[in-house]
Structures are given as C-alpha cells and as structure tokens.
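Counting in the numbering used here, the sequence shown runs from 0 upward without gaps.
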Amino acid sequence: MLLLAVPYHLDERLDPFDLGVPADREVTADLPAGDPWTRMAALYEQVADAVGEGGAVVASGDCTTSLGVLAGLQRAGRDPAVVWFDAHADFHTVDTTTSGYLGGMPLSLAVGRGDLALPAALGLRPVAEERVVLVDARDTDPGEHRLLAGSAVTRTPVADLGGVVPDGDLYVHVDVDVCTPAEVPDLLYPAAGGVRVDELLIAVRALVGTGRVVALGLAATWHHTGPARPEHAALVRGLLAAAP
C-alpha cells in the first residue's frame, strides 16, 4: 500500500509532520477562510481523490481524516465496514461534547450522527452502525456512553476482535493512542492502560490476512514538535509492514 501523509491536525498544518519513514505522497490543500468544518471539507476532498479505489495507508495528525478516506472509497464503489482502534470512542456530537473538540466526533459523523455538514460536503453516505467495530475505547465520556449504548456499534477488547469482524470490505483505522503510553509516549491525549504494540500489530495483520482490507488509516496523535521518536517510527514501520 502507498503511504499518503496528510500533515494536518484538523485544519491546522503541522510542520514538522514526521512519521519516521518517508511518505510516497503528501496530500495538502489551499484551505479557504471560514469555519473549521468548511476548511476540513476542502482538505478531505483532496484526501478522497488521493484514496481512489483504496490501496493506501493514510496518515494524519488526527482521526477526522478518516471521513475523507471513507468518502474516497465509497466514490470508487466500495462499501467498507469500519474497524476502529482507539483509546477514545470519537463518538461525540456537538450536543454531547463538553470540550468542543472536533477530533472527538469522526466516528459518530461516519455513521450519520450529529451535524452532518462535513459528510454532506464530501458526499459521504453513513456507514451502517452494525458494520462498525470499536476496539478498546477505554477512555469515553458519559455522552458517548449514552450514544453508544443506543447504537448498533460493536465494542470489543482487542483480544476478542476476531469473533466480531464484519463481512465485506474493511477500512481499518488506527489511532496510535490505542497503545499503552508506556510503549508509545508523548501522545496528545494519553489514556492509562491500553493495548501493547505487539497486540495491535497482530490484530492488524489478522485483519489484513482476510484479504478484505481496502485502506488503513493512521492517526499519528503524538506531539509533532520535531523528528518522530524511535517508538513512533517503529510503530509506523510495523503497521506498514502489516499492510497488504
């Protein structure tokens, strides 16, 4: 798979954005003035075009880039299920968030919940909730608890993932903060506990082994203030080695 680097956190350009390995292509855009959703729509339009029919690892500084990846896959005639590795559920809406952080909403937007201006701008059709698996998500908020409890999203620890993988094409999204901060330091939003790096890589390799993974999203959610730390680079290399 090609490695596409999207050097942004939401609508903010990250410089540097170092993954520890060279990207095959960098995806950027001239962002318009306006609210962050409008600016992200312009960026994710470029991401959707770059993804095409799949076959890419798309790395950025947050999880919302996944909406561009999914839009690109759908435009190519794919209808991917989603396996989402994350310390957080990313299932807030504007009505449940207490922080207002837009990066806490992409999975809810992907399934058609909340303010859908950004998905609509991309032409993104909601992913059926029963085709979404949320792995780990050990740090969630009360509003997310309520939404998830009333949804058809499957929640699972990584050890039990093999029994709940949806049928059909798969989009696998990995926020690196799913891993324990002891192994992946300097995270933007670390959460105690977590998945060991070797456990994560085994799980991703098993998904790839189905032959149904059409794209892999990588949220490199560490502080981008200089070169990637050795732990970050090793994790990225491991995920690339697992990719088909």
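Where a beta carbon is used, it is the ideal one built from N, C-alpha and C, also for glycine.
Under 8 Å between C-beta atoms of residue i and residue j
{"i": "leucine 235", "j": "leucine 199", "result": "The sequence shown places valine at residue 235, rather than the leucine named in the question. Their beta carbons are not under 8 Å apart, which means valine 235 does not touch leucine 199 by this criterion."}
{"i": "valine 56", "j": "alanine 242", "result": "yes"}
{"i": "alanine 40", "j": "leucine 117", "result": "yes"}
{"i": "valine 50", "j": "tryptophan 83", "result": "no"}
{"i": "serine 65", "j": "alanine 22", "result": "no"}
{"i": "threonine 179", "j": "valine 194", "result": "yes"}
{"i": "histidine 144", "j": "glycine 60", "result": "no"}
{"i": "leucine 206", "j": "valine 157", "result": "no"}
{"i": "valine 20", "j": "glycine 216", "result": "no"}
{"i": "glutamate 128", "j": "valine 152", "result": "yes"}
{"i": "valine 298", "j": "aspartate 174", "result": "For the chain, the structure presents residues 0 to 243; residue 298 sits outside this window and is missing."}
{"i": "leucine 146", "j": "arginine 154", "result": "no"}
{"i": "glycine 111", "j": "proline 125", "result": "yes"}
{"i": "leucine 3", "j": "alanine 75", "result": "no"}
{"i": "leucine 238", "j": "valine 203", "result": "yes"}
Assigned secondary structure, residue i (DSSP; H/G/I helix, E/B strand, else coil)
{"i": "arginine 74", "result": "helix"}
{"i": "aspartate 34", "result": "coil"}
{"i": "leucine 187", "result": "coil"}
{"i": "valine 194", "result": "strand"}
{"i": "arginine 112", "result": "coil"}
{"i": "aspartate 29", "result": "coil"}
{"i": "glutamate 52", "result": "coil"}
{"i": "arginine 124", "result": "coil"}
{"i": "tyrosine 100", "result": "coil"}
{"i": "glycine 19", "result": "coil"}
{"i": "aspartate 159", "result": "helix"}
{"i": "glutamate 182", "result": "coil"}
{"i": "glycine 237", "result": "helix"}
Per DSSP, the bridge partner or partners of residue i
{"i": "serine 59", "result": "Val5 and Ala218"}
{"i": "aspartate 85", "result": "Asp135"}
{"i": "histidine 231", "result": "None; histidine 231 has no bridge partner."}
{"i": "leucine 169", "result": "Ala80 and Val212"}
{"i": "threonine 153", "result": "Val132"}
{"i": "aspartate 174", "result": "Ala218"}
{"i": "glutamate 11", "result": "His8"}
{"i": "arginine 24", "result": "Leu3"}
Exposure of residue i, with buried meaning 16 or more beta-carbon neighbours within 10 Å
{"i": "aspartate 159", "result": "exposed"}
{"i": "proline 6", "result": "buried"}
{"i": "valine 81", "result": "buried"}
{"i": "glutamate 25", "result": "exposed"}
{"i": "threonine 63", "result": "buried"}
{"i": "glycine 99", "result": "exposed"}
{"i": "aspartate 34", "result": "exposed"}
{"i": "arginine 130", "result": "buried"}
{"i": "threonine 97", "result": "exposed"}
{"i": "threonine 209", "result": "exposed"}
{"i": "glycine 113", "result": "buried"}
{"i": "alanine 89", "result": "With the sequence shown as reference, residue 89 is identified as aspartate, and alanine is not the correct amino acid for it. Buried, because 16 or more other Cβ atoms sit within 10 Å of the Cβ of aspartate 89."}
{"i": "alanine 32", "result": "exposed"}
Of the listed residues the options, nearest to residue i (C-alpha basis)
{"i": "tyrosine 43", "options": "Gly99, Leu215, Asp10 and Ala191", "result": "Asp10"}
{"i": "valine 196", "options": "Ala232, Gly216, Thr96 and Gly225", "result": "Ala232"}
{"i": "proline 141", "options": "Leu101, Leu117 and Thr95", "result": "Thr95"}
{"i": "leucine 123", "options": "Gln73, Leu133, Val132 and Ser150", "result": "Gln73"}
{"i": "glutamate 182", "options": "Trp221, Ala151 and Val203", "result": "Trp221"}
{"i": "alanine 70", "options": "Phe90, Val46 and Ala219", "result": "Val46"}
{"i": "aspartate 85", "options": "Pro15, Ala136, Val203 and Pro31", "result": "Ala136"}
{"i": "aspartate 48", "options": "Arg38, Ala28, Ala32 and Thr37", "result": "Ala28"}
{"i": "methionine 0", "options": "Trp36, Thr37, Gly53 and Ala119", "result": "Gly53"}
{"i": "glutamate 230", "options": "Asp185, Thr209 and Ala218", "result": "Asp185"}
{"i": "aspartate 78", "options": "Arg211, Gly225 and Ala240", "result": "Arg211"}
{"i": "histidine 223", "options": "Pro15, Leu2 and Thr139", "result": "Pro15"}
{"i": "aspartate 138", "options": "Leu18, Ala32 and Ala190", "result": "Ala190"}
{"i": "leucine 187", "options": "Ala218, Gly161 and Gly162", "result": "Ala218"}
{"i": "glycine 192", "options": "His87, Ile201 and Ala120", "result": "His87"}
{"i": "arginine 38", "options": "His91, Leu18, Asp17 and Leu121", "result": "Leu121"}
Check: residue i C-beta below 7 Å from any heavy atom of the ligand FMN
{"i": "valine 196", "result": "Questions concerning the ligand FMN fall outside what the structure shown contains, since it holds no ligand whatsoever."}
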